[in-house]
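Everything below concerns the one structure shown next.
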Amino acid sequence: MTLLRRQFLQLTAGSIVAPVLSSFALAQTYPARPVRLLVPYAPAGPADILARLAAQKLSEQLGNQFYVENVGGAGGNIGMGQGARAVADGYTVLVVPPNIVVNPAMYDKVPYDPYKDFEPVTVAVSAPTVVTIHPSVAARTLSELVTLIKAGGTKYSFASPGTGTPPHLIGELFRLSLGLDLVHVPFNSAGQAVGSTLAGHTPIAFTSLPPAVPQIHEGKLRALAVTSKARSPALPEVPDTAEAGYPEIQGEGWFAFVVPAGTPNEVIALLNREINRAMALPDIRERMAALGFTVVGTTPEDSATLFRAESAKWSKVIREAAIKAN
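Following my numbering, the residues of the sequence shown are numbered contiguously, the last one being 351.
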């Protein structure tokens, strides 16, 4: 009986320790084969560029290949749905914008749950939206633009890179918070939105920085504010919205790395450390700055907190503005 009892206790202890040892062993050997960076958007966009830069550095740092796979469509829903169903072993990592937490409020149905199906790894980079106007608009500050819109007489519209993008939602926050009569005109990219304002078709644009900055420097567009909590190094002469008198009009685009829920914590910790290390490299920081991004690098816990806060903030705007994606 004593022998049987001892054997039972050994087996029980082994069953408890085995998963811990297995998880530790996985972290020690990871990655043992190529790792897929799944981008739920078409090639050549900012998510794709970030993923390819990260893939190169992670391959060098970890000694195995990280490669990019693009699965675009439905505002990112198709790729994110595929990622939600991937094996939770650390060999599928997604690169996602705020749409991961925003889309459920815009679409009648999405093929994933942003909290049950994914674990955040890090919010790698962020980027403000810049508010620009055509030079023919008689405003030099954001306050003067608000006064012009409220005066009536002229119907104003604003261009954005597309329905549900961070610049669009910030534009809607601007409209709703100040009770402005503004019409949203969505385009398929920030470049197209900037082009429309350059041509005078849409007098106002809410866009990311890269396509707007050269036009601002050449005097073809007038920048009134950036929507981050501080001025952008790319436009140091342009005030942030708090300095411009509208602290409530804040918001940034960002890109995060996430993995399927159930991925071992040790692998998440390793990915967090190595991705943040890659993003901190001088050449990557320089490349990100050229794209209008600021390197952030958060913990998984802080990333999860940001996801919840962003979802609550933008879901409210989506409801009040009655935004629906087709």
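Glycine included, every Cβ here is placed at the ideal spot set by N, Cα and C.
What residue range is occupied by the uninterrupted beta strand (DSSP E) comprising residue i?
| i | result |
| --- | --- |
| A149 | F143 to P153 |
| V120 | T117 to V121 |
| A230 | I229 to T232 |
Taking 8 Å as the limit between beta carbons, can you name the residues of its chain near residue i, skipping five residues before and five after?
| i | result |
| --- | --- |
| S202 | Y271, E273 and I274 |
| A237 | V155, T157, A215, V219, A230, L246 and A248 |
| V58 | A quick correction: the sequence has Arg, not Val, at residue 58. Taken in chain order, the residues that qualify are N89 and Y116. |
| G177 | D206 |
| G322 | T147, V148, A149, I300, N301, M304 and A305 |
| S221 | A184, V210, F212, T227 and A230 |
| K180 | D206 and V208 |
| A255 | D265 |
| L173 | V162, A163, A164, T179 and Y181 |
| Q53 | none |
For residue i, I'd like the list of residues in its chain whose CB is within less than 6 Å of its CB, leaving aside the five on either flank, ordered along the chain.
| i | result |
| --- | --- |
| V135 | N102, N128 and P129 |
| A329 | P145 |
| S336 | V126 |
| S257 | P153 and V251 |
| D73 | V64 |
| R200 | L207 |
| V118 | L62, F282 and V284 |
| T319 | S151 |
| Q107 | V96 |
| G204 | none |
Would you say residue i and residue j are within 7 Å of each other, going by their C-beta atoms?
| i | j | result |
| --- | --- | --- |
| E89 | V64 | Here the sequence assigns Asn to residue 89, which means Glu is not the residue at that position. Cβ distance not < 7 Å, so N89 and V64 don't count as in contact. |
| V121 | L296 | no |
| L223 | W339 | no |
| M313 | V60 | no |
| L170 | A164 | yes |
| A259 | L234 | yes |
| P192 | S185 | yes |
| Y55 | V292 | yes |
| M131 | I343 | yes |
| L383 | V148 | Missing from the structure shown is residue 383; the chain here goes from 26 to 351 and no further. |
| E299 | L62 | no |
| A269 | L167 | yes |
| D114 | A286 | no |
| S76 | V93 | According to the sequence as given, residue 76 is Ala; it is not Ser. A contact, by the Cβ cut-off of 7 Å. |
| Y66 | G97 | yes |
| F91 | A80 | yes |
| G225 | H159 | yes |
Which partner residues does residue i have in the DSSP bridge list?
| i | result |
| --- | --- |
| N95 | V64 |
| W339 | Paired residue(s): none; W339 is not in a bridge. |
| D2 | The structure shown does not extend to residue 2, since the chain is modelled only from 26 through 351, so no value can be given for it. |
| A281 | V121 and V148 |
| P211 | S185 |
| V320 | V150 |
Please check if any C-beta of chain B sits within less than 7 Å of the C-beta of residue i.
| i | result |
| --- | --- |
| R77 | Of the protein chains in this structure there is only one, and it is not chain B. |
Which first and last residues belong to the alpha helix (DSSP H) in which residue i is found?
| i | result |
| --- | --- |
| A359 | With the chain covering only 26 through 351, there is no way to say anything about residue 359. |
| V238 | V238 to H242 |
| P307 | P307 to A315 |
| E273 | No alpha helix (DSSP H) contains E273, which DSSP labels as neither H nor E. |
| Q86 | P71 to L87 |
| G106 | N102 to A109 |
Within a Cβ cutoff of 7 Å, which residues of the same chain sit near residue i, ignoring the five residues on either side of it in sequence?
| i | result |
| --- | --- |
| N124 | G100, G101 and G189 |
| L78 | I309 and R312 |
| Y140 | none |
| G196 | F183, S185, H209 and F231 |
| E262 | none |
| K349 | M131 |
| A43 | With a pLDDT of only 47 at A43, under the threshold of 50, the placement of this residue in the model should not be trusted; the figure read from the coordinates follows. Here the set comprises nothing. |
Which ranges would you report for the beta strand (DSSP E) in the region 156-208 if only whole runs of at least 3 residues count?
-> If only uninterrupted beta strand (DSSP E) runs of at least 3 residues are considered, those enclosed by the region 156-208 are 181-185.
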